[in-house]
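Remarks on the structure that follows.
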Amino acid sequence: MMKKIADIMELNPSKEEIDFLKDIVKRVTKTLKREIDARKINAGVFVGGSFARETLVKDKTYDIDIFIRCKGEVDKIYSKLEPAIRKISEGIGEMEIIHGSRDYFRITVNSDNCAILRQNSLDGKLNSNIVLEVIPVKHVNSPYEINNVTDMSYSHVYYIKKKIKKNPKIRNEIIFAKAFCKAQGVYGAESYVRGFSGYAIECLIINYGSFLKMAREIANSREKIILDPEKKYKNKDEIAVSMNESKLKSPIVLVDPTWKERNVLAALSDETFIKFQSALKRFLKKPNESFFRYEEISEKKIKLEAEKKNAVLFHLKILTRGQHGDIAGTKLKKVHSFLLSRIRERFEVINHVFIYKGSDYADTYYAVKQFEKSIKRGPPISMKENVSAFKKEHRKTFVKNGVIYAIEKPMKADRKILEDIINKYKRNIIEIGAESVELLIL
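Sequential numbering from 1399 applies to the sequence shown in this note's numbering.
Have a look at this one:
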């Protein structure tokens, strides 16, 4: 089955794309080493991520991670690194500093004005965008020396490449899994995704041995999944006792083969896991190549799905001032979740969609239906005066677990209710991180 899908689809980048990526990485790392030496920075350069591990999936954008492995305090060399990387970006594309738990540099390759593209006669021939992320990390010999999880990137590359060398067939299984996760919208460990990182997917496949086995095991699981690919612990009980409690909350606990105290999937949310598990079940029931083909979610498709369920669809555009990327995305997702909770108090939510493409805004959609009946919570029955006032306000009431409730006429799902929600909670929305929320006409 998987061979048939592989024959139909091109999941791997073309030879032309790989050759170009190798060329640009070779040129950039060579120049970077020269600039680092010239500034007397005690550091080495290595390439990481899916590209270095040779598990890159064909995509519209290729992210290449280049690490500067510093011997000493990373924070002390930023002032020297910035001019060096800015100089490298000239003739390639635009550089920006990305702020996070540790700042790094992003170079977005300009396909219209890239000297390397011209030298390779590739102008107009590459259908993908290229982003180079230059990340300073600490040179460590042990996980106990790290200050940031990115300090372990060198070990991740070494581990995955060693496993693929031992079992070359596993590479294709990893490609299948990554393509599937990207197509299903669960790829990425960013805070606004809370899904599967590339390294996490690689470790999952190494643990299960194949994409199909992973799919069957996870699709049928009804309990928390605990995995230890390199048997760092004697059993699951030892993992539960030894690992920090905060790292055990995710639906899958995956012991990092390079650092036993780390759960590779600590960021995985219940929502993303359910989405992933549901997609696996549908795939196993009726396997076909569409599960591996990423398609952007269109407003037209969202509207059609809402119409099929006789739901009313609302479209909100949420704007933030946060830095583009993980910071802005996280703020926008929090606002979306907050509004979703408020909307659920008034309507039955059939579907909700959050679309963020890395800029300063997100498009959110809520498909809702009117409740068959609306229940409003009142005060505890011990508060007699409040209960009396509550009864005067509401004709139909009942008591459950020591609390009085009222049965109200359900609100009609219309635009005005949503406008009222936005206005009522405007201060909360701004405090969470939004600059504005606009209700758009569909």
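For every residue, glycine included, the Cβ atom is placed at its ideal position computed from N, Cα and C.
The structure presented is a predicted model; accordingly, all values stated were derived computationally and were not measured.
Residue i versus residue j: straight-line alpha-carbon distance, rounded
i, j, result
"S1499", "I1815", "39 angstroms"
"K1755", "D1761", "9 angstroms"
"I1827", "V1584", "26 angstroms"
"N1661", "P1541", "13 angstroms"
"D1635", "I1741", "41 angstroms"
"E1628", "E1836", "50 angstroms"
"S1551", "E1694", "30 angstroms"
"I1725", "E1829", "15 angstroms"
"I1603", "H1537", "28 angstroms"
"N1565", "E1433", "38 angstroms"
"Y1476", "R1719", "25 angstroms"
"R1516", "S1487", "Confidence in R1516 is poor, its pLDDT being 49 and thus under 50, which makes the residue's placement unreliable; the coordinate value appears in the next sentence. R1516 and S1487: Cα-Cα distance of roughly 15 angstroms."
"F1736", "K1824", "11 angstroms"
"N1821", "N1545", "43 angstroms"
"K1683", "K1673", "16 angstroms"
"L1666", "A1613", "17 angstroms"
"K1658", "D1818", "50 angstroms"
"K1413", "S1688", "24 angstroms"
"S1448", "I1490", "21 angstroms"
"G1522", "D1417", "With a pLDDT of only 49 at G1522, under 50, the local geometry of the prediction cannot be trusted, and the value read off the model is given with reservation. Distance between the alpha carbons of G1522 and D1417 is about 16 angstroms."
"R1467", "D1549", "8 angstroms"
"V1535", "K1561", "24 angstroms"
"F1796", "K1774", "10 angstroms"
"V1591", "D1626", "24 angstroms"
"T1670", "K1782", "44 angstroms"
"A1393", "I1422", "Residue 1393 is absent from the structure shown; the chain starts at 1399 and stops at 1840."
"Y1479", "G1586", "Looking at the sequence provided, one finds Leu at residue 1479 rather than Tyr. Rounded to whole angstroms, L1479 to G1586 spans 27 angstroms at the Cα level."
"E1806", "S1772", "5 angstroms"
"A1765", "S1834", "21 angstroms"
"P1685", "A1577", "14 angstroms"
"K1794", "S1780", "19 angstroms"
"E1746", "G1776", "21 angstroms"
"E1543", "E1621", "34 angstroms"
"T1506", "E1615", "39 angstroms"
"S1519", "D1473", "Confidence is the limiting factor: at S1519 the pLDDT is only 46, short of 50, which leaves the residue's position unreliable and the question unanswerable from this model."
"E1415", "K1563", "23 angstroms"
Supposed contact pair residue j and residue i - C-beta distance, whole angstroms, cut 8 angstroms
i, j, result
"I1533", "D1463", "6 angstroms"
"V1443", "L1430", "5 angstroms"
"K1732", "G1831", "6 angstroms"
"A1804", "Y1692", "With 8 angstroms as the limit, A1804 and Y1692 do not qualify as a contact, their Cβ atoms being about 47 angstroms apart."
"F1681", "L1409", "No, F1681 and L1409 are not in contact; Cβ-Cβ is about 15 angstroms, not under 8 angstroms."
"Y1631", "S1644", "That belief does not hold up - the Cβ atoms of Y1631 and S1644 are roughly 18 angstroms apart, past 8 angstroms."
"R1504", "E1494", "5 angstroms"
"K1469", "A1436", "Actually they do not touch by this definition, with Cβ atoms about 17 angstroms apart."
Interface flag, residue i vs chain B, CB-CB below 9 angstroms
i, result
"K1774", "Among the chains of the structure shown, chain B does not appear; only one protein chain is present."
Option in the options with minimal Cα separation from residue i
i, options, result
"D1654", "S1553, I1422 and M1612", "S1553"
"I1528", "E1543, Y1460 and L1840", "Y1460"
"Y1763", "K1782, T1548 and H1713", "H1713"
"I1716", "K1684, K1771, K1707 and F1752", "F1752"
"G1446", "I1558, I1672, R1484 and D1473", "I1558"
"R1619", "S1676, K1478, F1503 and F1745", "Sequence check: residue 1619 is Ser here, not Arg. For S1619, the nearest C-alpha among the options comes from S1676."
"R1451", "E1494, T1427, R1569 and K1469", "R1569"
"Y1759", "E1746, L1730, H1734 and H1750", "L1730"
"C1579", "K1567, A1598 and I1490", "A1598"
"I1839", "V1710, I1616, I1773 and F1671", "V1710"
"H1497", "K1478, E1531 and A1482", "E1531"
"D1812", "K1561, E1415 and Q1768", "Q1768"
"E1588", "M1809, A1482, G1727 and I1616", "G1727"
"R1744", "P1411, R1467 and M1809", "M1809"
"A1664", "V1547, P1685, K1438 and K1807", "V1547"
"A1617", "A1638, G1596 and P1649", "P1649"
"P1842", "G1596, P1777 and I1439", "The structure shown does not extend to residue 1842, since the chain spans only 1399 to 1840, so no value can be given for it."
"E1600", "V1555, H1722 and H1734", "V1555"
"G1723", "L1419, V1472, E1415 and D1501", "D1501"
"K1701", "N1605, R1437, N1749 and A1638", "N1749"
"S1757", "D1435, Q1721 and G1470", "Q1721"
"F1465", "N1784, K1428 and R1437", "K1428"
"L1652", "N1605, D1668, L1678 and E1621", "N1605"
### Query
Does the stretch 1776-1791 come close enough to the stretch 1731-1747 that 3 or more CB-CB pairs lie under 8 angstroms?
no
### Task
Indicate whether the contact test is met: 3 or more Cβ pairs, each with one atom in the stretch 1602-1619 and one in the stretch 1564-1573, closer than 8 angstroms.
yes
### Message
Assess contact between the stretch 1797-1812 and the stretch 1695-1702, defined as three or more Cβ pairs (one per stretch) separated by less than 8 angstroms. Is contact present?
### Response
no
### Inside the stretch 1466-1502 only - beta strand (DSSP E) runs reaching at least 3 residues
1491-1496
#### Entry: Secondary structure, alpha helix (DSSP H): runs of 4+ residues fully inside the stretch 1539-1589
1551-1564 and 1568-1581
### Query
In chain order, which beta strand (DSSP E) runs of at least 3 residues are fully inside the stretch 1735-1818?
1746-1754, 1759-1767, 1772-1778, 1795-1798 and 1801-1806
### Task
Could I get the ranges of all uninterrupted alpha helix (DSSP H) runs contained in the stretch 1596-1636, with 4 residues as the minimum, in chain order?
1596-1606 and 1609-1617
### Query
What residue ranges within the stretch 1635-1699 form continuous beta strand (DSSP E) runs of no fewer than 3 residues, ordered along the chain?
1650-1654 and 1657-1661
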